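Okay, so here's the structure we're looking at.
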Amino acid sequence: MSTIVQIEPKKAPIPKDKIPRLLLVGNPNVGKSVIFGYLTGKYVTVSNYPGTTVEVSRGKMKYGGQEWEVVDTPGVNSLAPQSDDERVTRDMLLDAEPDVIVQVADAKNLRRTLLVTTQLAELKIPMVLVLNMMDEARHRGIEIDSKAIGELFGIPVVTAVATEGEGLYSIFKSIVHAKVPNDPLEVQRNRLLTNEDFLHALKSKTDKPLPLQLAVEWLQTQDSGFRRGAELWLKQVADGELANDAATRTRIRNCAARLEEARNAFLEKSVNQYKKVIPSVFRESSGTGLKIGLVCLLAGLLLFGYTEIGRLIGLPTPYGWLNSLMDRSVIPGALSFFQNIHLGWLGSLLFGKLADDGSTYETGLLYPAITQFLVLIAPIMFPLAFVLRRSERFAERLGHWTRDWRTGAPLMIVILLLMYEFVGVIGAGTLVDALENNVFNVLLTPNLQKLIPAGIFYDFFVGEYGLVSVGLTYALAIVLPIVMTFFIAFGLLEDSGYLPRLAILSDRVFRVMGLNGKAVLPMVLGLGCDTMATMTTRILETKKERLIATILLALGVPCSAQLGVILAISGSLSGWAMLTVFGVVLSQMFLVGYLSSKIVKGKRGDFIFEIPPIRVPVFKNVWTKTRYRMKWYLKEALPLFLLGTLILFVLDRVKVPTPWGRLSGLDMINNSLAPLVTGVLELPEKTAQVLVLGFLRRDYGAAGLYDMVGQGLLTPVQIVVSLIVLTLFIPCVANFFMIVREQGTKKALIILAFITPFAIAVGGVVNLVLRVLKINF
Amino acid sequence: MHNWLSQDIVEVLESVWANEERGSSAVEEISQEAKTEVTEDLLAECEREGYLTRNGGGEIRLTALGRQTAGEIIRRHRLAERLVVDVLGMTLEESEADACEFEHFLAQGVTSAICTLLGHPRFCPHNHPIPEGECCRQIEAQVNSLVASIDRLEVGEEAKVAYVSASNFPRIRKLSSFGITPGVPIKVKQKFPSFVIQCDETQIALENDIARDIYVWRKSNDNQ
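Order-wise, the sequence lines are chains Z and X.
Residue numbers for the first sequence follow the working numbering, so the first one is 6 and each next one is one higher.
Residue numbers for the second sequence follow the working numbering, so the first one is 4 and each next one is one higher.
Have a look at this one:
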């Protein structure tokens with residue numbers, strides 16, 4: 006499926022009574038979102054650009070009695086598109102008819118800034134240049150002659166430190182002074198292009214001069230679909246045709262090379278002229294505060310390490326101490342406070358109820374989440390943010406440590422453990438317990454059960470396969486908290502600049518599977534939601550990579566809900582048993598990945614990308630993204646949960662006469678799967694049902710398995726085998742439909758037809774091996 | 004060993020090689036490509052000397068001997084182009100004529116010296132592959148390189164980009180949008196598990212394959 010957006014000719018100029026539109030454009034990681042947030046305030050919508058996964062934020066701003074629409078475009082290094090992001094930005098520049106462009110730039114990277122400026126200059130749209138992150142430039146002794154740059158292009162140039170609020174108001178003021186930039190390369194370009202006969206065709210029909218250099222660059226892109234779009238566009242705006250033969254392609258290529266040479270010379274000259282570097286030592290803010298911060302961070306890390314190990318081998322830990330302190334004095338106090346103001350229910354919702362053995366309080370929304378946060382996450386996160394804000398040198402060191410494998414590997418383990426504490430323990434443990442036990446299984450379902458008289462409606466809503474008692478409960482109480490905590494954690498990692506470093510560390514591993522390090526993004530996202538991750542495989546460059554990543558996601562990457570249930574089940578298993586489960590799943594991923602890299606035709610994409618500096622994430626940005634992703638999840642996943650439950654309900658109710666008596670649809674599916682499940686996998690018959698459930702939603706199946714384990718229906722070996730089969734098994738319905746959408750029906754069916762028997766076969770082999778070796782865990 | 008070859012035969016071998024790279028072996032295209040008139044006599048002579056075989060359909064193929072000989076000629080030619088462009092700083096158009104002159108001066112021993120000096124480049128300025136010589140397979144010869152691909156640099160070493168030699172244009176374009184273009188100073192920050200280079204104020208991660216495409220002037224030899 007092509008993600009190319011059709012390039013259309015410019016429409017008629019917009020009538021002046023329309024709200025003017027302002028586009029924020031710039032390289033990645035230059036602080037566009039922060040400036041966007043400042044300009045627009047709180048009325049912001051985030052949406053995917055049509056046909057892509059690229060998120061685009063829109064908002065409104067008011068200045069001097071005039072209302073503006075503000076659009077935050079994805080970061081670009083060049084307007085000649087090489088990625089989905091760059092395509093979207095290019096399309097928006099051409100098709101969205103911006104009235105003003107505000108180019109946001111990293112002041113210390115003048116060369117890359119001016120590359121984009123020269124490209125924008127070709128579009129002849131009024132613009133303003135914002136040189137952001139002046140503080141980082143100053144720290145490095147870089148001085149930029151912003152006045153001279155403004156004179157060169159004839160546009161307002163504003164210097165700013167957006168995160169500190171410095172210069173933001175000047176951006177407001179400069180917008181009304183936006184000017185169509187001078188194009189410093191125009192003369193040279195026209196001279197270079199006059200002799201190129203293929204460009205004779207390109208005389209603009211409109212008065213506007215065509216962005217010729219950009220046109221040449223667009224004709225050069227790797228993506229044939231995009232090239233066709235560019236040709237179409239040229240044909241429509243300009244008179245005449247462009248032959249698509251070898252000779253023309255060679256001419257375009259030569260032309261592009263020479264234009265590139267000319268621009269490089271210009272950039273080289275400008276950087277030498279406008280950028281001065283005064284070598285200086287890092288200017289660091291006061292030493293004492295920094296030292297205290299560093300000591301706190303070290304203490305936090307030690308505390309974390311001690312607690313993790315201590316809990317594993319049963320030592321008393323600060324986590325235990327704090328919990329018993331809370332149990333003895335804080336929680337009873339808080340509870341009686343709420344009792345006194347007649348809000349007892351709120352108290353127990355927040356802080357939980359006394360457990361049956363009277364030793365601790367459980368299933369509150371805040372408790373024990375709060376101690377988990379205080380002991381394990383806060384002592385690392387807060388000093389880290391403090392130190393990073395104070396010391397650029399530390400940020401640079403950390404940036405180095407996280408990408409060097411010797412230090413990067415241990416740090417990666419710490420970060421993944423922190424993520425596990427947040428998502429697996431606080432999200433999947435505490436929050437799920439609280440919602441399930443306070444809201445759904447106590448308030449909602451029992452009350453509805455009292456209201457609805459026994460009969461078909463009772464069964465439909467609150468019965469064994471009821472929409473509320475099962476569908477809604479699973480979707481909102483079990484899955485939502487996990488998805489939310491996961492997306493918060495993912496957003497924090499995304500904004501901190503850590504993810505590209507993860508890609509560096511894992512590049513070699515992914516290469517075995519015909520992928521490159523960039524694949525780590527969909528894989529990690531898959532731990533949140535495989536369906537969403539399947540969609541983000543689009544960030545991978547080649548078809549081959551996208552297909553392999555899709556297969557691996559479907560096969561082996563458990564989503565957060567599923568992972569949560571697996572981890573919950575792991576409580577009843579030994580460490581070795583869990584190691585077997587993960588070992589088998591991982592080895593199968595490698596095997597299948599390796600084999601598909603040999604079988605699937607095509608090339609692996611180039612692994613090259615910018616590593617942003619480590620920065621402290623702005624929580625507001627993270628929260629906006631999380632909210633958007635959760636909304637997406639609810640919109641896409643909740644209906645599937647309900648649909649899944651509905652199908653189950655129908656299958657359970659509709660009974661058909663058969664030679665073996667009246668059987669429901671569910672019985673028949675179970676009966677036909679039963680020989681496989683009992684014979685090959687040696688599992689109880691009821692597991693078949695779990696597998697069927699697993700297709701409707703993988704995590705939903707896992708939850709069913711969790712119930713079976715809870716009832717003590719399975720031996721440890723059986724648990725291991727069924728966990729492996731369930732994890733490898735067919736993706737959930739939503740994921741399957743997403744594969745159909747991304748890869749086409751044929752490939753999706755092949756993937757399905759491969760994974761199903763494969764999962765059962767692997768389960769069978771594992772079962773056999775464990776039996777033969779007499780391992781019972 | 005083939006220094007006594009006639010200029011005409013050299014031209015024929017060169018164009019047969021170039022055509023094979025493009026996947027063609029038609030006699031018409033070879034005539035078009037060659038800078039000399041390809042006569043029946045000339046082709047017959049080449050065949051007699053054991054460089055070529057011809058079949059009835061007008062297809063021409065190199066023999067093992069022809070392949071070895073043509074490979075050496077092509078190697079010298081393309082190295083000469085690199086030398087003219089990278090060291091003498093001429094443009095692509097200017098380079099063509101001069102490279103032809105140089106090509107004929109380069110004797111066997113000088114060829115490997117030039118190759119070493121240029122850091123064993125893998126592609127000529129037109130991005131055609133340069134056939135490997137014996138010296139390219141011996142890594143220890145690297146120390147004397149004036150120009151080297153960045154995978155041969157040490158961690159912490161600073162250098163200036165000489166050229167990007169990728170066979171596909173999008174890769175060059177991509178590198179240039181990250182700011183990696185001729186004349187730009189870079190510093191190697193890390194070599195494993197992936198390459199990390201600092202270019203201007205930006206850190207860029209690359210895989211080894213791409214690092215091998217970026218040729219730089221090494222600082223210690225930088226007389227520019």
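Note that beta-carbon positions come from the ideal geometry of N, C-alpha and C, so glycine has one too.
Predicted model, so just to flag it, every value in this text is computed and none were measured.
Query raised in the report: Would the beta-carbon of isoleucine 613 (chain Z) fall within 8 angstroms of that of glycine 404 (chain Z)?
Result: Result no, Cβ atoms of isoleucine 613 (chain Z) and glycine 404 (chain Z) do not sit closer than 8 angstroms.
Query - Interface residues of the stretch 62-80 of chain X facing chain Z [CB-CB below 8 angstroms] - result: Within the stretch 62-80 of chain X, contact with chain Z at the beta-carbon level (separation under 8 angstroms) is assigned to no residue.
Requested in this report: Could you spell out the range, first to last residue, of the beta strand (DSSP E) harbouring cysteine 202 (chain X)?
Outcome: First-last of the beta strand (DSSP E) with cysteine 202 (chain X): 198-202.
Query raised in the report: Can you tell me whether DSSP reads phenylalanine 126 (chain X) as helix, strand or coil?
Result: Strand, per DSSP.
**Report entry** Per-residue DSSP class, three states only, for isoleucine 487 (chain Z)
**Finding:** In the structure shown, isoleucine 487 (chain Z) sits in a helix (DSSP, three-state: H, G or I).
Query raised in the report: Taking Cβ positions, are leucine 65 (chain X) and glycine 53 (chain X) nearer each other than 8 angstroms?
Result: Their beta carbons are not under 8 angstroms apart, which means leucine 65 (chain X) does not touch glycine 53 (chain X) by this criterion.
Query raised in the report: Is DSSP giving glutamate 40 (chain X) helix, strand or coil here?
Result: If DSSP states are grouped into helix, strand and coil, glutamate 40 (chain X) belongs with coil.
Requested in this report: Counting only the same chain and skipping the five closest in sequence on each side, list residues whose C-beta sits under 8 angstroms from that of glutamine 206 (chain X).
Outcome: Taking C-beta separations shorter than 8 angstroms and ignoring five residues to either side along the sequence, the partners of glutamine 206 (chain X) in its chain run Lys192, Val199, Ile200, following chain order.
Requested in this report: Check alanine 144 (chain X) in the structure and name its three-state DSSP category.
Outcome: For alanine 144 (chain X), the predicted structure reports a pLDDT of 48, less than 50, and the residue's modelled location is therefore unreliable. The matter cannot be settled from this model.
Query raised in the report: Under three-state DSSP, which class holds asparagine 137 (chain Z)?
Result: Under the three-state reduction of DSSP output, asparagine 137 (chain Z) falls in the strand class.
**Report entry** Proximal residues to leucine 209 (chain X) (C-beta, below 6 angstroms), its chain only, five neighbours per side dropped
**Finding:** So the qualifying residues of the chain are Phe198.
Query raised in the report: Three-state secondary structure (DSSP) at arginine 25 (chain X)?
Result: In the structure shown, arginine 25 (chain X) sits in coil (DSSP, three-state: anything other than H, G, I, E or B).
Query raised in the report: Would glycine 598 (chain Z) pass as a contact of threonine 547 (chain Z) if the rule is Cβ separation under 8 angstroms?
Result: The answer is no: Cβ separation not under 8 angstroms.
Query raised in the report: CA-CA distance, valine 770 (chain Z) and glycine 717 (chain Z)?
Result: One alpha carbon belongs to valine 770 (chain Z), the other to glycine 717 (chain Z), and they sit about 24 angstroms apart.
Query raised in the report: Going by other Cβ atoms of all chains shown within 10 Å of its Cβ, with 16 needed for buried, is glutamine 64 (chain Z) buried or exposed?
Result: First, the amino acid is wrong: residue 64 (chain Z) is glycine here, not glutamine. If you draw a 10 Å sphere on the C-beta of glycine 64 (chain Z), you find 16 or more other C-beta atoms in it, and that means buried.
Query raised in the report: Which runs of the alpha helix (DSSP H) spanning at least 4 residues fall entirely within the stretch 75-161 of chain Z, listed in chain order?
Result: With a minimum length of 4 residues, the continuous alpha helix (DSSP H) runs that stay inside the stretch 75-161 of chain Z are 89-100, 115-126, 139-144, 151-158.
**Report entry** Exposed unless 16 or more other CB atoms sit within 10 angstroms - verdict on asparagine 22 (chain X)
**Finding:** Buried, since its Cβ has 16 or more Cβ neighbours within 10 Å.
Query raised in the report: Between valine 30 (chain Z) and leucine 125 (chain Z), which are expected to be in contact by the criterion C-beta below 8 angstroms, what is the C-beta distance as a whole number of angstroms?
Result: At roughly 7 angstroms, the Cβ-Cβ gap stays under 8 angstroms, so valine 30 (chain Z) and leucine 125 (chain Z) are in contact.
Requested in this report: State yes or no: is the C-beta of glycine 136 (chain X) within less than 8 angstroms of the C-beta of arginine 78 (chain X)?
Outcome: Yes, Cβ-Cβ distance for glycine 136 (chain X) and arginine 78 (chain X) is below 8 angstroms.
Query - Proximity winner among Z:Val380, Z:Pro415, Z:Val392, Z:Gly319, relative to isoleucine 431 (chain Z) (alpha-carbon distances) - result: Nearest of Z:Val380, Z:Pro415, Z:Val392, Z:Gly319 to isoleucine 431 (chain Z), Cα basis: Z:Val380.
Query raised in the report: How close, in whole Å, do the beta carbons of valine 714 (chain Z) and serine 565 (chain Z) come, if the pair is a contact with beta carbons under 8 angstroms?
Result: Separation of the CB atoms of valine 714 (chain Z) and serine 565 (chain Z) is rounded to 19 angstroms, and the pair is thereby denied contact status at 8 angstroms.
Query raised in the report: leucine 156 (chain X) CB to nearest chain Z CB: under 8 angstroms?
Result: Taking Cβ atoms only, chain Z never reaches closer than 8 angstroms to leucine 156 (chain X), which makes this a no.
Report task. Determine the chain X residues that contact proline 505 (chain Z) at a beta-carbon separation under 8 angstroms, and present them in chain order. Result -> Simply Ala208.
Query - Interface residues of chain Z facing phenylalanine 181 (chain X) [CB-CB closer than 8 angstroms] - result: Chain Z residues near phenylalanine 181 (chain X): Asn82, Arg117, Ile613, Glu615.
Query raised in the report: Tell me which same chain residues have a C-beta within less than 6 angstroms of the C-beta of serine 669 (chain Z), skipping the five on either side of it?
Result: Around serine 669 (chain Z): Asp657, Lys660.
Query raised in the report: Between tyrosine 279 (chain Z) and aspartate 150 (chain Z), which are expected to be in contact by the criterion C-beta below 8 angstroms, what is the C-beta distance as a whole number of angstroms?
Result: Contact flag correct, Cβ pair sits at about 4 angstroms.
Query raised in the report: Helix or strand or just coil, what does DSSP make of serine 396 (chain Z)?
Result: Coil, per DSSP.
Report task. On a CA-only basis, which of X:Glu106, X:Val113, X:Ser152, X:Val41 is nearest histidine 123 (chain X)? Give me that one, please. Result -> Of X:Glu106, X:Val113, X:Ser152, X:Val41, the residue nearest in Cα terms is X:Ser152.
Query raised in the report: Whose C-beta lies closer than 6 angstroms to the C-beta of alanine 144 (chain X) among residues of the same chain, with five residues either side of it excluded?
Result: In this predicted model, alanine 144 (chain X) has a pLDDT of only 48, less than 50, meaning its place in the structure is not dependable; the value taken from the coordinates is given anyway. Excluding residues up to 5 positions away in sequence, Thr119, Cys138 lie with their Cβ nearer than 6 angstroms to the Cβ of alanine 144 (chain X) in the same chain.
Query raised in the report: Hey, methionine 518 (chain Z) and glycine 561 (chain Z): beta-carbon distance below 8 angstroms or not?
Result: No, the Cβ-Cβ distance between methionine 518 (chain Z) and glycine 561 (chain Z) is not below 8 angstroms.
**Report entry** Range covered by the beta strand (DSSP E) that runs through glutamate 313 (chain Z)
**Finding:** Element bounds for glutamate 313 (chain Z): not the beta strand (DSSP E) but the alpha helix (DSSP H), 292-318.
Query - Partners in chain Z for valine 199 (chain X), counting only beta-carbon separations shorter than 8 angstroms - result: What valine 199 (chain X) touches in chain Z: Arg408, Ile509, Ile616.
Query raised in the report: How long is the line joining the alpha carbons of glutamate 106 (chain X) and glutamate 40 (chain X), rounded to whole angstroms?
Result: Here the alpha carbons of glutamate 40 (chain X) and glutamate 106 (chain X) stand approximately 20 angstroms from one another.
Report task. From the DSSP output, in three-state form, read off phenylalanine 222 (chain Z) for me. Result -> One detail in the question is off: residue 222 (chain Z) reads as glutamate in this sequence, not phenylalanine. Looking at glutamate 222 (chain Z) - three-state DSSP - the assignment turns out to be helix.
Query raised in the report: When the Cα of glycine 42 (chain Z) is compared with those of Z:Ile176, Z:Gly70, Z:Val447, which residue comes out closest?
Result: Cα-wise, what sits closest to glycine 42 (chain Z) is Z:Ile176.
Query raised in the report: Should arginine 221 (chain X) be flagged as near chain Z, meaning a C-beta pair shorter than 8 angstroms?
Result: Using a Cβ-Cβ cut-off of 8 angstroms, arginine 221 (chain X) does not count as an interface residue toward chain Z, since no Cβ of chain Z sits closer than that to its own.
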